[in-house]
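Reading through the structure tokens given below for one structure.
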Amino acid sequence: MNPISAPYPSARFRRLRRTGALRAMVRETRLAVSDLIWPLFVTDVAGADAPIPSMPGVSRLTVDGALRAAEQAMTLGIPAICLFPYTDPALKTVTCEDAWNPENLSNRAIRAIKARIPEIAVMTDVALDPYNANGHDGLVRDGVILNDETVGALVRMALAQAEAGADILGPSDMMDGRIGAMRTALEGAGHKDVAILSYAAKYASAFYGPFRDAVGASGALKGDKKTYQMDPANRHEALRIVARDLAEGADMVMIKPGMPYLDICREVKDAFGAPTFAYQVSGEYAMLKGAVLNGWVKEDVILESLLAFRRAGCDGILTYFAPDVARILADKQA
Ligand code: PBG
Numbered sequence: 043m044n045p046i047s048a049p050y051p052s053a054r055f056r057r058l059r060r061t062g063a064l065r066a067m068v069r070e071t072r073l074a075v076s077d078l079i080w081p082l083f084v085t086d087v088a089g090a091d092a093p094i095p096s097m098p099g100v101s102r103l104t105v106d107g108a109l110r111a112a113e114q115a116m117t118l119g120i121p122a123i124c125l126f127p128y129t130d131p132a133l134k135t136v137t138c139e140d141a142w143n144p145e146n147l148s149n150r151a152i153r154a155i156k157a158r159i160p161e162i163a164v165m166t167d168v169a170l171d172p173y174n175a176n177g178h179d180g181l182v183r184d185g186v187i188l189n190d191e192t193v194g195a196l197v198r199m200a201l202a203q204a205e206a207g208a209d210i211l212g213p214s215d216m217m218d219g220r221i222g223a224m225r226t227a228l229e230g231a232g233h234k235d236v237a238i239l240s241y242a243a244k245y246a247s248a249f250y251g252p253f254r255d256a257v258g259a260s261g262a263l264k265g266d267k268k269t270y271q272m273d274p275a276n277r278h279e280a281l282r283i284v285a286r287d288l289a290e291g292a293d294m295v296m297i298k299p300g301m302p303y304l305d306i307c308r309e310v311k312d313a314f315g316a317p318t319f320a321y322q323v324s325g326e327y328a329m330l331k332g333a334v335l336n337g338w339v340k341e342d343v344i345l346e347s348l349l350a351f352r353r354a355g356c357d358g359i360l361t362y363f364a365p366d367v368a369r370i371l372a373d374k375q376a
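Residue 43 is where the sequence shown starts when you use the working numbering, and the numbers rise one by one after that.
Shown next, in the form of structure tokens:
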């Protein structure tokens, strides 16, 4: 790009900001409800379908509640939901076998939603943390997170989710080699149309705190996730992982968290042109929502924060604000 501009006063940038009509004409990016993926927390533990204190406005839902949310998503025009299970602590083991149980909570929820509302895209989380007595995304032996053994477990988990009817698998575990292994297994099992949205550039972040409360992993987690999630200081590594995951058969890639990593979003989109998503994670939600609820900032920060992802090159955003945003966007049009 070679921006040419006459010197002042021939050029006055304020000319095109003078009215709403002029501003709309030259607006470069837009946020639409079709850009949103709505993450939902599901539980079948009695009494756990309750508000999550560190995520004001977000509750864990029963499977029935998730069905109603999926219907609401359809009505609002949100094209996809993403399911995260709050597992009964009694089902958490060090071998994580509930993760690939065809009748586990997540798989039952997928079936229920796809049976009632086949049009909605259902995305899943592929990682062992909701099922792991250690709270880690991978299998642990002697304090070490095992890569290759975990990939085997994730493949079984992915196949069970595909079997249940998931449209999009979201491997969020950050093990090496899992995308290729999953893609091969999906092809082999006849699930050739199941998409993979790889959490490719997933950083070891303190912004995941409220999520770990929501899925009941906070208490279980021993240590941190720095041996598998990325160092927040790195950018070349993000590009190399995205390249690797695309080469292994990922259809879409994700950057996570979102707002502190907008530079990575832009670089990934520019470098690969693949469908690129950002996850505006639980801690980002909590900060924005908390400030809005306290009256410290206006609700407008929500749209502004999401537009930033579009400006940075993202095709879409996973956000807990999805239903709020859908309503705000609809009101604007009315
Ligand atoms: C777990 C997973 C996490 C999130 C999505 N999947 C947490 C983690 O890695 O500890 C975080 C999402 C959020 O914070 O909103 N594999």
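Don't be surprised by glycine CBs; every beta carbon is placed ideally from N, CA and C.
Quick caveat: nothing in here was measured; it's all calculated off a predicted structure.
Does M97 come out as helix, strand or coil in the three-state DSSP assignment? The three-state secondary structure of M97, taken from DSSP, is coil.
Can you look up R183 in the DSSP assignment and give me helix, strand or coil? Here R183 sits in strand by DSSP.
Considering only their Cβ atoms, is the gap separating A195 from L410 smaller than 9 Å? Nothing about residue 410 can be read from this structure; the chain reaches only from 43 to 376.
Going by DSSP, what residue range makes up the beta strand (DSSP E) through Y241? A237 to K244
Kindly indicate which residue of P274, A256 and A280 has the alpha-carbon position closest to the one of G99. Closest by alpha carbon: A256.
Identify every run of the beta strand (DSSP E) within the region 230-294, keeping only runs that are complete inside it and at least 3 residues long; order them along the chain. 237-244
Provide the residue span of the beta strand (DSSP E) that contains A163, from first to last. Element bounds for A163: A163 to V168.
Leaving out five residues on either side along the sequence, give the residues of the same chain with a beta carbon under 6 Å from the beta carbon of L371. Cβ neighbours of L371 beyond the five flanking positions: V75.
DSSP on N174, reduced to helix/strand/coil? strand
Through-space distance from D373 to E188, alpha-carbon basis: For the record, residue 188 in the displayed sequence is Leu; it is not Glu. Near 49 Å, if we compare the C-alpha coordinates of D373 and L188.
A122 - containing beta strand (DSSP E), residue span: A122 to Y128
Element boundaries [alpha helix (DSSP H), containing Y327]: S324 to L335
Answer yes or no: do Y128 and V168 have a C-beta to C-beta separation smaller than 9 Å? no
Assign F319 to buried or exposed, taking buried as 16 or more other Cβ atoms, counted over all protein chains shown, within 10 Å of its Cβ. buried
Any heavy atom of the ligand PBG inside 8 Å of the beta-carbon of F363? no
Short of 8 Å in beta carbon distance, which residues of its chain neighbour N143, apart from the five on each side in sequence? Order them along the chain. N149 and A202
Which of helix, strand or coil DSSP assigns to I210: If DSSP states are grouped into helix, strand and coil, I210 belongs with the strands.
Looking at C124 and G212, is the spacing between their C-beta atoms short of 9 Å? Closer than 9 Å, so yes.
How about the region 275-288 and the region 324-341: do they share at least three Cβ pairs that are nearer than 8 Å? no
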